[in-house]
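End of the sequence shown sits at 390 in the numbering used here; the numbers just go up one at a time, nothing left out.
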Amino acid sequence: MNSLVLAPFSDGGLAVLRDIGAVAYEPWTQTRRLFDPEELGERLVAEHVGALIVEADFLLEELFEGAPPLRFAAVCRASLNQVDLDAATEHGVVVVHTPGRNAQAVAELVLALMLALARRVPAAGAYAASGEWEDPTEAYTRFHGRELTGATLGLVGYGAIGRRVATLAHGIGMRVLAYDPYLAPNAPGLRSVALVDLETLLREADFVSIHAPDSASTAGLIDAAALRLMRPGAYLVNVSSPSVVDIAALAAAIEGGALAGAALDVHEAHPIPPNAPMLALARRMPERVLLTPHVGGATAETVERHSAMVIEDLRRFLAGRRPKRLANPGVWSRRQRGIEARFPLSRE
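Listed below in structure tokens is the structure:
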């Protein structure tokens, strides 16, 4: 079976794909392009591609309609908002994804951002590099910080990434609170984490880290009223979804001194618009506001991890076994009811 890989992929994973059939490897990180779905469908037909692996490309109805050879599509992300799963199921295409593939990477970034805020690392580094450091004692007071050990971390959302953050935070002696309305108090992984309501978390945390998904129920969850509950010396970190936090309210809280600062890896647009309130604040208050360009999962290990997950599920698919991370389970029941006759499982 031929494969087209438009996502960063490991050498080992590519070797496995080459044992199955011809492979075209064109990750978007190198080509800097995303395919038009119709154009991509035409290419899949022309090159008899049965397995498509993407990270950023959109898999829409016109792609599935225009690519009869396609039988297996993998998305190297947890989120599936770029995929028309109903269309994939209708056309007999198995779709898998890679939940948790970047959990460790994002969790480590959260820890790095908290340390950077607490010790004002970026601003202090820029100060030393710029030549401004002339008085030997000025920096000691200008960049006077705090330690994370003994501080309280509040996690808004306690999924795969939140659990990894909690592990790292415990490792350096932080107390951890979590708010997640979908978890029961006796849920796994909560033995050393206190599950509390959102108001309690905001009132008690020295650092609040957002790990809630982008949804109608979470939009604006951290609004002006929620920010007013936080301690004056508290910091907010968001590596999850920009819609969860009211950015204008956050900027006002920091500028007015109600919060000590914030670090954001997710933004309303990528890149950040020139008129964004947090961008202006980061330029004026670099010791209190830290912005990173959506790099939470940007590690070599993340690529290795999602490659291994995709290869495992592709092997299961080729062997006629249900993939572990099947995103459209309806397609499997259809196959079990006889769709194999139209989309045979044997290797091409």
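Cβ atoms here follow ideal geometry from the backbone N, Cα and C, with glycine treated the same way.
- Item | Simplified DSSP state of S388, which is helix, strand or coil | Low local confidence applies: a pLDDT of 43 at S388 is under 50, so the model's placement there is unreliable, with the coordinate-based value given in what follows. If DSSP states are grouped into helix, strand and coil, S388 belongs with coil.
- Item | Delimiting residues of the beta strand (DSSP E) encompassing I353 | I353 -> not in any beta strand (DSSP E); alpha helix (DSSP H) instead, spanning 342-360.
- Item | Identity of the residue in R347, A291, L356, R358 nearest G142 by Cα | It is R347 whose Cα lies nearest to the Cα of G142.
- Keeping to the same chain, check which residues put their C-beta closer than 6 angstroms to that of G275; ignore five residues upstream and five downstream. A302
- Task: Consult DSSP for I264 and reduce its assignment to one of helix, strand or coil.
- Result: For I264, the secondary structure class from DSSP, reduced to helix, strand or coil, is strand.
- Excluding the 5 residues preceding and the 5 following G187 in the sequence, name in chain order all residues of the same chain whose CB lies nearer than 6 angstroms to its CB. A160, R161, R162
- Message: Just list the residues that DSSP pairs Y67 with in beta bridges.
- Response: According to DSSP, Y67 bridges with V47.
- Query: Going straight from the alpha carbon of S45 to that of A318, what length do you get?
  - Reply: 41 angstroms
- Grouping DSSP H, G and I as helix and E and B as strand, with all else coil, what is S251? strand
- Message: Judging by CA-CA distance, which residue of Y277, L323, N280 is the nearest neighbour of E297?
- Response: That would be L323, whose Cα lies nearest to the Cα of E297.
- Query: Would you call the CB atoms of F100 and Q72 closer than 7 angstroms?
  - Reply: no
- Measuring alpha carbon to alpha carbon, tell me which of A300, S251, R60 ends up nearest V286. S251
- Would you check if there are 3 or more beta carbon pairs closer than 8 angstroms linking the segment 141-155 to the segment 341-360? yes
- Query: What's the C-alpha gap between V135 and V345?
  - Reply: 24 angstroms
- Query: Sorted by chain position, which residues of the same chain lie with C-beta nearer than 6 angstroms to H309's C-beta, five sequence neighbours on each side aside?
  - Reply: P284
- Query: Looking only at DSSP bridge pairs, what is H139 linked to?
  - Reply: Looking at the DSSP assignment, H139 forms a beta bridge with V117.
- Sequence-distant residues of its chain with Cβ nearer than 7 angstroms to D288 (five each side left out): Setting aside the 5 residues that flank it on each side, D288 is surrounded in the same chain by G262, I264, D265, A266, each with a C-beta closer than 7 angstroms to its C-beta; the list follows chain order.
- Taking the CB atoms as reference points, tell me whether V207 and V279 lie closer together than 7 angstroms. No.
- Item | Close-in-space but distant-in-sequence residues of the same chain around T191 (CB under 8 angstroms, 5 per side omitted) | I214, G215, M216
- In its own chain, which residues sit with a C-beta less than 8 angstroms from the C-beta of D355, not counting the 5 before and 5 after it? Counting only Cβ-Cβ distances below 8 angstroms, and skipping sequence neighbours, we find A116, V138, P365, K366, R367, L368.
- Looking only at C-alpha atoms, which of G204, I314, A247 sits nearest to L306? I314
- Item | Contiguous beta strand (DSSP E) assignments of at least 3 residues, all confined to the segment 165-220 | 194-198
- Message: Which residue marks the beginning of the alpha helix (DSSP H) containing V235, and which one marks its end?
- Response: Per DSSP, V235 is not a residue of any alpha helix (DSSP H), being assigned neither H nor E.
- Item | Cβ distance (whole Å) where V91 is taken to contact A49 below 8 angstroms | Actually they do not touch by this definition, with Cβ atoms about 14 angstroms apart.
- Query: Going by other Cβ atoms of all chains shown within 10 Å of its Cβ, with 16 needed for buried, is R39 buried or exposed?
  - Reply: Here the chain has residues from 43 to 390 only, and residue 39 is not among them.
- Starting from the C-beta of E104, find all residues in its chain whose C-beta is less than 6 angstroms away, skip the five residues before and the five after it, and write them out in chain order. Answer for E104: P79, E80, listed in chain order.
- Just reading off the alpha helix (DSSP H) that I296 is part of, what are its end residues? 289-297
- Message: Does A300 come out as helix, strand or coil in the three-state DSSP assignment?
- Response: coil
- Item | Strand pairing of Y277, partner residues [DSSP] | F249, G303
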